[in-house]
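Residue numbers (our numbering): 251 to 788. C-beta: ideal position from N, C-alpha, C; glycine also. Here's the structure we're looking at; comments come further down.
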Amino acid sequence: MAHPELARETERRRTFAIISHPDAGKTTLTEKLLLYGGAIRQAGSVKARKAAHHALSDWMDIEKQRGISVTSSAMQFDFDGYRINILDTPGHQDFSEDTYRTLVAADSAVMLIDCAKGVEAQTVKLFKVCRLRSIPIFTFVNKLDRAGRDPFDLMQELEDVLGIRSCPVSWPIGLNGTDFKGVYHRDTREVELYSGGRHGQTQVEVQRIPLEDPSLCRVIGQSYYDKLMEDIELLDVAGDPFDLDKILSGQLTPMFFGSAISNFGVEPFLKRFLSYTKSPTPRESDQGIIDPESDKFTGFIFKIQANMNPAHRDRLAFMRICSGVFEKGMTVWHSSSGKQIALKQPQQFMAQEHEAVDTAYPGDIIGLFDPGIFRLGDTLCTGAPVRYQGIPLFAPEFFARVSPEDSMKRKQFMKGVDQLSQEGAVQTFKRPGIGREELIVGVVGVLQMEVLEHRLKTEYQVDVIRETLPYKHVRWIESSPRPVDRLRLTSTTVPAVDRAGRDVLMFENEWSIRLALENNEGLTLKETADRETADEMI
Ligand code: G4P
């Protein structure tokens, strides 16, 4: 019989990630969302956590002192009857392949954009990952209290740079910082007035005026009123209509405007976001589609956080629940070992501390203590075995040739690198014909290189020599018109193989990628690859 709470609990779940470039205001927005949900009394704790993460040395110190990772992976809070899980997508120096992998666990994404800067590099990368999965993407244009770009320009930029059309749900009035008047909500046909100020920890009282109200013109001023009426007409006539199906399939992004720091526009955004997005949806497995409200418990591992303290080899594996009810201590089938295991000591993560959890539902994220058995993409389930699609490998952007300082330690070195690449901490490549000695490590974020060095030293007692290579991109060859060594490539482009023996090309710049495609008709390249477990590769 179905669990009595399952349908209700699933319905009210919303699990999403915020994607943005550093400094767009992700920490601030997250804090404000948590503030509305009452999850934290003092806005500021998310910020403190971010600061604590900032430098590698601090981070490692924290890990050492506590003996277990403090890195959280999701924050949970309630609002308006919904239970919200915000997935943590590390940015800044913490940016790594984990950031991409986390997006695989999200049902939707909020794309945060600084109104003065528009679409920035990191946003583009994260957007692409969301696009791969066709998840709904909601755009929040932030920092409206400051001078920013014309909103029509921003809409055009979304289309030109990201290839997605947008549909503004709200619209800003006055965009030059000092004269920001508020936003117009196209759905309720009301203007919400901006009152200014930094509303650190308090929720703001807002004043709303219907568009038809004769006082509006006086309140915002004739010129702003005229401009607003003109903009509305343009949007109505020339803009894309609001189409929820297109939004939910990731083809159209609804656009909102606000100022996270002054709590302006955050609540109206949150309310609409929650009502438009869906609760966890059915997922495809190798045994067919599994409904979240099915009796069968299923989940998958999307992130493994190694413990930096050598005295504690245990790790933390983060699981996204996809269907059924999770209960502490339950026994589940584990895909990569093919065995039954008991899930003990599960944890859930709030803004700052871990909490033990007894029951959890689809959409929730659970941290499991991992004695070293879990692998990225593992499926856990009750009943007959099923597997969800694995977590792909994402193209690294930093490359280095690594070797042990002491050649006598080559065996440990190889063992360590192999373990770390299995965990998904780094990827490894070799160039054919260069000899068995050369090993190239590729990572998405530079911090991963330092983690590699640190862990090889502390866990395997190997000091490494790292020589940075000039490549910036790697692409997996999906199909090629001729053998790889006969492809017409720029002199700086290098063929290599990944850990599973698949052909890749390493490029120094985007231009070389374009040229490779232009000069070799029939060549197709991919930015992601299936994760293979080729244990004896390196
Ligand atoms: P991030 O997590 O995306 O990196 O961004 P974060 O929230 O840390 O914000 C980056 C900077 O932008 C911070 O300023 C923050 O106060 C500011 N900010 C965030 N939202 C808004 C907004 O709506 N309007 C304006 N004007 N600024 C905003 P800082 O100078 O780095 O820190 P602080 O001194 O303000 O704390």
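Residue pairing by DSSP puts Gly432 in a beta bridge opposite Ile423 and Leu443.
Within the DSSP secondary-structure output, Asp748 pairs in a beta bridge with Phe679.
In the three-state DSSP reduction, Pro635 falls in the coil class, being neither helix nor strand. Annotation for Ser730: Leu773 place their beta carbon closer than 6 Å to its own, counting only its chain and skipping 5 residues before and after. The C-beta distance from Ser473 to Ser384 rounds to 42 Å, too long to meet the 8 Å contact threshold.
If you look at Gly666, you'll find it in the alpha helix (DSSP H) that goes Arg660 to Glu673. Counting only runs of at least 4 residues, the stretch 352–419 fully encloses the following alpha helix (DSSP H) elements, listed from N- to C-terminal order: 371–382 and 401–407.
Going by beta carbons, Tyr444 and Phe514 fall inside the 8 Å limit. Put simply, the stretch 723–737 touches the stretch 747–756. At least three CB pairs are less than 8 Å apart. DSSP, read as helix, strand or coil, puts Arg570 in strand. CA-to-CA, the gap between Thr743 and Leu362 works out to about 35 Å.
Between the stretch 705–721 and the stretch 647–663 there are three or more C-beta pairs closer than 8 Å, enough to call the two in contact. Distance from the Cα of Ile459 is smallest, within the candidate group Gly432, Gly549 and Ile482, for Gly432. At the C-beta level, Pro504 and Thr389 come within 8 Å of one another. When secondary structure is reduced to three states using DSSP, Arg736 falls in the helix class. Relative to Asp748, the option among Arg736, Pro612 and Gln672 whose CA is nearest is Gln672. Within its own chain, the residues whose Cβ lies closer than 8 Å to the Cβ of Asp620, once the five positions on either side in sequence are excluded, are Ile554, Asp564, Arg565, Leu566 and Ala567, listed in chain order.
Assigned with DSSP and collapsed to three states, Gln472 falls in helix.
With a threshold of 7 Å, the Cβ atom of Ser509 counts as near the ligand G4P, since some heavy atom of the ligand is closer than that.
Nearest C-alpha to Met699 among Ser653, Arg736, Leu737 and Glu728: Ser653. In this structure the stretch 634–651 lies against the stretch 342–358, because at least three pairs of beta carbons, one per stretch, are closer than 8 Å. Its Cα nearest to that of His584, the residue Arg625 stands out among Glu577, Ile616 and Arg625. Leu394 is the residue among Leu394, Phe523 and Ala592 whose C-alpha sits nearest the C-alpha of Ser512.
Counting every other CB atom within 10 Å of its CB across the protein chains shown gives Asn392 a total of 16 or more, marking it as buried. Taking C-beta atoms as the reference points, Asp463 and Leu425 fail to come closer than 8 Å. Closest option to Ile615, judged by alpha-carbon separation, among Phe550, Lys546, Thr708 and Gly622: Phe550.
When only Cα atoms are considered, Leu256 and Ala488 end up about 44 Å apart. Excluding five sequence positions before and after Ile539, the CB atoms of its chain that fall closer than 6 Å to its own CB belong to Pro532, given in chain order.
Looking at Gly627, Thr632 and Val676, the one whose alpha-carbon comes closest to that of Ala650 is Val676. Exclusion of Lys594 from the 7 Å shell around the ligand G4P follows from its C-beta lying no nearer than that to any non-hydrogen atom of the ligand. Beyond the five residues adjoining it in sequence on each side, Pro646 comes within less than 7 Å, by CB distance, of Gln677, Gly692, Val693, Val694 and Val724 in the same chain, given in chain order. Note on geometry: alpha-carbon atoms of Glu717 and Phe402 lie some 46 Å from one another. Runs of the alpha helix (DSSP H) lying entirely within the stretch 750–786, each at least 4 residues long, are 760–769 in chain order. Going by DSSP, Asp493 is part of no beta strand (DSSP E) at all; its letter is neither H nor E. Glu688: not part of any alpha helix (DSSP H); DSSP gives it neither H nor E. When rounded, the separation of the alpha-carbon atoms in Glu409 and Leu737 is 33 Å.
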